[in-house]
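Notes for the one structure printed next.
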Amino acid sequence: MMKTKILKIAKKGFLFKEYLQLLQVEKALKIIKKNDLSNLQISILGKFVQEYSNDENISSETYWKKLLGFTNDFGIFSNPEIGTLFIVGTLTSMFLHEVEGKALATMSTGPYGILRGLGANRLQTETYLKALSKGSYLLIVRGTDDKLKVLKEIL
Numbered sequence: 008m009m010k011t012k013i014l015k016i017a018k019k020g021f022l023f024k025e026y027l028q029l030l031q032v033e034k035a036l037k038i039i040k041k042n043d044l045s046n047l048q049i050s051i052l053g054k055f056v057q058e059y060s061n062d063e064n065i066s067s068e069t070y071w072k073k074l075l076g077f078t079n080d081f082g083i084f085s086n087p088e089i090g091t092l093f094i095v096g097t098l099t100s101m102f103l104h105e106v107e108g109k110a111l112a113t114m115s116t117g118p119y120g121i122l123r124g125l126g127a128n129r130l131q132t133e134t135y136l137k138a139l140s141k142g143s144y145l146l147i148v149r150g151t152d153d154k155l156k157v158l159k160e161i162l
């Protein structure tokens, strides 16, 4: 007689976290690395600047790829509602996906629709987009519910 094995697949979701300052984003990424929360997919949205200066002037793309510690997709888009933003990480292709020749994120309701599609409610989405337009950063993390719960507690 053959035994049936039931595989339990962990449910995945998204965690959204807004940061007012770049140093806060850097600290959050260090916490994620320190706590070895593997298999998380990380993306960051923020106002685009040409260069970051610390000890040296480096391009925005180089800065984010270096900070995240692995090769990532990086993109820039201009949205009429929130300005010129960058997206780095696993969600880059979603924001830059073309619909009738235009990147989804460049459409006035594009970022709103993307964030709602990822699971942010209406109020959260409006709050995040308003914050982004004022220069905040949005950390978006995809992972299993148990890892996101741990991450939420330590961030």
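For the sequence shown, this note's numbering begins at 8 and goes up steadily by one.
Quick reminder that beta carbons are idealized off the backbone N, C-alpha and C, glycines included.
- V32 is not bridged by DSSP to any residue.
- Approximately 6 Å separates the beta-carbon atoms of V32 and L146; this is inside 8 Å, confirming the contact.
- For L52, the enclosing beta strand (DSSP E) has its first and last residue at 48–54.
- Going by DSSP, E68 is part of the alpha helix (DSSP H) stretching over 67–75.
- Under DSSP, the beta-bridge partners assigned to G150 are G20.
- In this structure, G82 and T99 form a Cβ contact; the two beta carbons are roughly 5 Å apart against a cut-off of 8 Å.
- Inclusion of L52 and L92 in the CB contact set at 8 Å is warranted, their separation being smaller than that value.
- According to the DSSP assignment, S85 belongs to the beta strand (DSSP E) that extends over 81–86.
- In the DSSP annotation of this structure, the continuous segment of the beta strand (DSSP E) that includes T91 starts and ends at 90–96.
- If you check the CB distance, V95 and L75 come in under 8 Å.
- Inclusion of V148 and L136 in the CB contact set at 8 Å is not warranted, their separation being larger than that value.
- Residue pairing by DSSP places K109 opposite V106 in a beta bridge.
- Beyond the five residues adjoining it in sequence on each side, I89 comes within less than 7 Å, by CB distance, of P118, L136, L139, S140 in the same chain, given in chain order.
- DSSP places L145 in the strand class (E or B) of the three-state scheme.
- Going by C-alpha positions, K73 is about 30 Å away from K18.
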